Structure formats: structure tokens, C-alpha cells
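> Residue 384 in the numbering used here sits at position 404 of the sequence shown, and the numbers go up by one each step. Glycine is no exception: its CB is placed at the ideal position from the N, C-alpha and C atoms. Keep in mind the model is a prediction, meaning the values are calculated, not measured. Handing you a structure now.
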Amino acid sequence: MNRQPNILLICSDQHSPHVCGCYGNTIVETPNLDRLAREGTRFSSAYCNDPICVPSRMSFLTGRYPFRIEVLGNGSMLDSRIPTYAHLLSGAGYHTVLSGRMHFMGPDQRHGFLERLVGDVGPYAMLGTSTNRWSPLPPDLGHMEKPAPLLTVGPGSTVNLDFDRDVTQAAREWIHSYAERGAPRPFMMTVGYINPHCAYIAPPELYEKYTGRVNVNRSLAEKRLRLHPSHQAHIERTTAGVPRDNLTKATTAYYGLVDFIDQQVGKLLKTIEERELLDNTIIVYFSDHGEMLGEHGRWHKGCFFEGSAGVPLIVRVPGQPHERQGQTIPAVVSLIDLLPTLADWAGTDVPFETDGHSLVPLITGNAPEWKDEARSEYYSAGELNRMIRQGDWKYCYYAQDGEAELYNLREDPQEQHNRAGDPECQDVVAELRERVIDDGWGAEARAQIAEKLRGLAYYEMLGRCRRNLEDDPLVGSVPDDWRPPSGLRNYLCEQVGPDRPPNR
């Protein structure tokens, strides 16, 4: 492996580590991810730093906690003055490329990447907008909302699937072109997929593959005696009116979507091998957050249970000693550790503040001491929540009412027994609560965050940012937002019509 190896980062969206072969799931088929784990390193206690899309992504891009960069929700824009790992590696001599999803909000659609192959899929893609991606909604469409994800489930074809196929194809074509040009300098490519994020609609052949083989884990919801009000509200909001059979169909489709993502990973690996780049390319697979998939009665994300805050994290480093191939590292890590890890691989220092720590010592076995800690945070209207995982303990704090949850994940991996009120655990509660509150999150900071949240409703943010950007130098420097070939009408039909035959 060269002094500066190529680096391929593959980021999926909403992939629970519970639905992955190398993480112990015996039903879903993920041979390509399993191969990466078999030839590399699997982290069994990896976490996102916010269990929703935009804050998690901006956090791992910058190596900083969401509250430090003021990215608090899915409507937040990352300040372009804040450096990312793309800036860092571009400055270290890498050609940095982004293909696909990164969920950038605002006019800056690169944030340090020198090249972007495929734009994002999102509200502007749905509307078939042009380079003026912040144009207002057409008057007759302003009232439209996507249907509840659990009401439309099953086999079919969606724009999400088309988008991910295009992302893979663009990445493969770029790698072929790079090799044909003689690999002039090392590359760092980030490939961003939107699956297995809902809609819970899988390609028909993959849906059929898992039909009758999976069930909703209702036991975790039925055994649980008491849920925090925020969980109850989420369950009622997302499952009201949903037929019970739909939950099994959604789970079946989700397994098919994970299988689909694994196939995309396999195509990327095939291209890397065809171009004889495998021995000089580090490959990392991870997801921005997980998916609850019915555990504790919850679906989607936005909470600190393992299914939502936990993420798969698999790293394959060429030349890794045979005895370390296939290793599982139980140390607690999080996605903000990616940026300093990339700096280590690139042989460069990090000249700006970061909250993460390099994973390289863990991978190489040269980490006699490790912080064994991860933090996550989640904000929405009326919710200011934080989590800390330290060793075996996970502590969740709900600032709006001061309630808490404490789980010993070694003894209680399914998080069934909240021990926050256990007299025998009060020393642990006191220590972790102090850690959560003292880290820049006192009463004054929480009040400031709450004030920002009042103006951060997703569509309010879009409305505030709608302006004519035709003269903005950033517009035109990246591809248009990705759009389905047939425009808005077919987008809506494809997204809500699970029985429509696939168009490719």
C-alpha cells in the first residue's frame, strides 16, 4: 500500500446493524459487506452522533458534534466556513469526489469536494427543479406531502432505487476513467446511497426473496412497561391507522433494500478489482444512522435505542496482517472518529478543532487506552435529548422534563430494563448525567438551542432560503439535483405505487 492510499467511503442511509450478515443476522444476505468484514475490521459498538440524517452527516463530515456546528435538524445548513474531511484531504493532495447523497442543505453542494458526480435526491429532485434549486413550490403543489411510509409498502420500484443505481454507475465510470488516466494522484471518493431509507418498497425479486422469512419484533414493544412520552408520541404519529400486516411487509421490504445496497457495494468492489486498485484502496462502509424497524414499537429513527443510534462500521485496509483480518472491535466508537482516521491514513495533521479520535490504533492493535465512549444528541420541537455510551452503560437524558434512561448493554442488550431509578446505579447516573450536562450543554446553552429550534422547522427553513441564485457562483459548479427521468408525476407514482413494475 502506498504512503497515501486511495480511500473509498460508502455511506448508506438508515441501515440498522441488526440487519447485516456480519453483525449476526442469519436471514439477510450481505455477502459483499461480509467480505469487507472478513478481510478487515468490524466495529460492534459504533454510533452516530445524531440519529437523523443531516446532523449526523454534517457531524461526521466535520468531526464535530452537531451542537458545536449548529446543525440541529434536517433543515440546518452547514456553514461553508467550517472545514470538512473533504477540505482536509483535498489539501493533503487527494482528488476528492462525491457521488450521490450527502444531504447538504443550501447553495453549497460541495463543502470541500473537488468534484461531484451525482446531485442529491430530495425535495428539489422530486419537483424536477433546475439549477435554481431553491425556487418556490409551484402553487398547486405547495400542499402536497408524502404519504406515511408505513401505509405504502411492498414490492415495486421507486426513485430511491433509480437514484442509487445511477450513483453506483457514475462512481464506477469515474474509477474506470481514473485508472485509464494512469491514477495521477490518490483519490478519496465518498459514495452516498439513500437506501435502505424508507419508502419500504423493494425490487420485486428481492421482496419475494424475503417474503415469509421475517417478522416484526413485536416482543420488545409488548414487554416494555413504560415508554418516555416522546417515544409514545412518535409511535402514535407514525403507526396510527397502519394495518398490522403492513409492518411485516415493511420489514420484508427493508431486508430487500439492505440486500440491494449490498449488491451496489459489490459492483463498486468489482470495479476496484478490475482496475487492480484493491491493494491500494482503503474501503469503509457505514451508515448515517440506523432504523428501529418496530423495536420497542418504534419505526424509522430519532431515538437512542441501539437500532436507531447504532450503525454498521466496517473497514478494510490493504495489507492488514492476517491475524487481524476479520477482527471485531468491541470498543465504543462513533462517526466523528472518521475524520481524524482519514487524516491518519492520508498522513496529514488536522489543523482545526475536532471532537473525534483516530481509529487507526484500534485497527492496528496499538491502542492500549481508548476513551470507550460515544455521544449522540437529538433535537426537535420540544425535545432536547442527549445520550452517552460509556463502556457497558448507556445513559439517555431528556432535558425537557429531566427524565432519564440507563441501560447496561452487556446484561441487557435489548434495552428492556431502565435502571435510572435503581438505587444501586445512582453513582453511575450521577457521573454520566454530569458528563452530559457539563459538556457545553448547561441551562443557557439549552435555552439557545431551543430558541434556534423554533425557527428551524424543515419547510420554514426551505422557505427562508428560497431565493434566486442564478448569479451565485456556486450554482452551476455542481450537477443539478438528481431528477427522475420522467419528472414529478412519475416520481409520485413510483414512490407510492409499490405494485408498479420496475422501469429498469
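If you count every other CB in all the chains shown that lies within 10 Å of the CB of G534, and 16 or more means buried, which is it?
Here the chain has residues from -19 to 484 only, and residue 534 is not among them.
> Start and end of the alpha helix (DSSP H) containing F40?
Locating residue 40 in the sequence shown gives position 60, where the first residue counts as 1. From DSSP, the alpha helix (DSSP H) with F40 extends over 33 to 42.
> Count the other CB atoms within 10 Å of the CB of R113; is the residue buried (16 or more) or exposed (fewer)?
Reading the sequence shown from its first residue, position 133 is the one you call residue 113. Caution applies to R113, whose pLDDT of 27 falls short of 50 and renders its modelled position unreliable; the value that the coordinates give is listed next. Answer is buried; the Cβ neighbour count reaches 16.
> Could you spell out the range, first to last residue, of the beta strand (DSSP E) harbouring P176?
Looking up residue 176 in the sequence shown gives position 196. It spans 167 to 176 - the beta strand (DSSP E) in which P176 sits, taken as one unbroken run.
> For C28, which of helix, strand or coil comes out of DSSP?
In the sequence shown, residue 28 corresponds to position 48, counting from 1. It is coil, neither helix nor strand.
> Is DSSP giving K374 helix, strand or coil here?
As a working note, residue 374 is residue 394 in the sequence shown. Note: K374 maps to strand in three-state DSSP.
> Which residues mark the beginning and the end of the alpha helix (DSSP H) in which I417 is found?
For the purposes of this step, residue 417 is taken as the residue at position 437 of the sequence shown. It spans 406 to 418 - the alpha helix (DSSP H) in which I417 sits, taken as one unbroken run.
> Spell out a yes or no on whether the region -11 to 6 and the region 256 to 275 are touching, meaning 3 or more CB-CB pairs, one atom from each, closer than 8 Å.
Contact between the region -11 to 6 and the region 256 to 275 is present, because at least three Cβ pairs lie under 8 Å.
> Looking at the structure shown, is K203 part of a helix, part of a strand, or coil, going by DSSP?
Looking up residue 203 in the sequence shown gives position 223. In this predicted model, K203 has a pLDDT of only 49, less than 50, meaning its place in the structure is not dependable enough to derive any value.
> Pick out whichever of I263, I309, E357, E275 has its Cα sitting closest to the Cα of G345.
For the purposes of this step, residue 345 is taken as the residue at position 365 of the sequence shown. It is I309.
> Helix, strand or coil for P11? Go by DSSP, reduced to three states.
In the sequence shown, counting from the first residue as 1, residue 11 sits at position 31. Here P11 sits in helix by DSSP.
> Going by DSSP, what residues sit across from H75 in a beta bridge?
Looking up residue 75 in the sequence shown gives position 95. H75 is bridged to F167.
> Apart from the five residues on each side of it in sequence, which residues of its chain come closer than 7 Å, Cβ to Cβ, to Y158?
Within the sequence shown, residue 158 is the residue found at index 178, counting from 1. F167, listed in sequence order.
> Please name the residue, chosen from T228, R217, A17, that lies closest to L193 on a Cα-to-Cα basis.
As a working note, residue 193 is residue 213 in the sequence shown. Note that residue 193 is Arg in the sequence shown, not Leu. When only C-alpha atoms are compared, the closest one is T228.
> Let's test the definition: count the other Cβ atoms within 10 Å of the Cβ of R(-17) and tell me whether it reaches 16, buried, or not, exposed.
Translated into the one-based positions of the sequence shown, residue -17 becomes position 3. Exposed: under 16 other Cβ atoms inside 10 Å.
> How would you call N29, buried or exposed, if buried means at least 16 neighbouring beta carbons within 10 angstroms?
For the purposes of this step, residue 29 is taken as the residue at position 49 of the sequence shown. Answer is buried; the Cβ neighbour count reaches 16.
> What residues in its chain sit with their C-beta under 6 Å from that of V238, if we drop five residues either side in the sequence?
Taking the sequence shown and counting its residues from 1, one reaches residue 238 at position 258. If we look at V238 and ignore the five residues flanking it on each side, its Cβ neighbours are V(-1), V8, P176.
> Inspect the beta-carbon positions of T328 and R44 and report whether they are closer than 8 Å.
Counted from its first residue, the sequence shown places residue 328 at position 348. Counted from its first residue, the sequence shown places residue 44 at position 64. It is not a contact, given that the beta carbons lie outside the stated cut-off.
> For P184, which residues in the same chain have their Cβ closer than 6 Å to its Cβ, ignoring the five residues on either side in sequence?
On the sequence shown, residue 184 is found 204 positions in, with the first residue counted as 1. For P184, where only same-chain residues beyond five positions count, the Cβ hits under 6 Å are P135.
> Return the CA-CA distance between L97 and A410, expressed in angstroms with no decimal places.
Position 117 of the sequence shown, counted from the first residue, corresponds to residue 97. Position 430 of the sequence shown, counted from the first residue, corresponds to residue 410. Roughly 49 Å between the two C-alpha positions.
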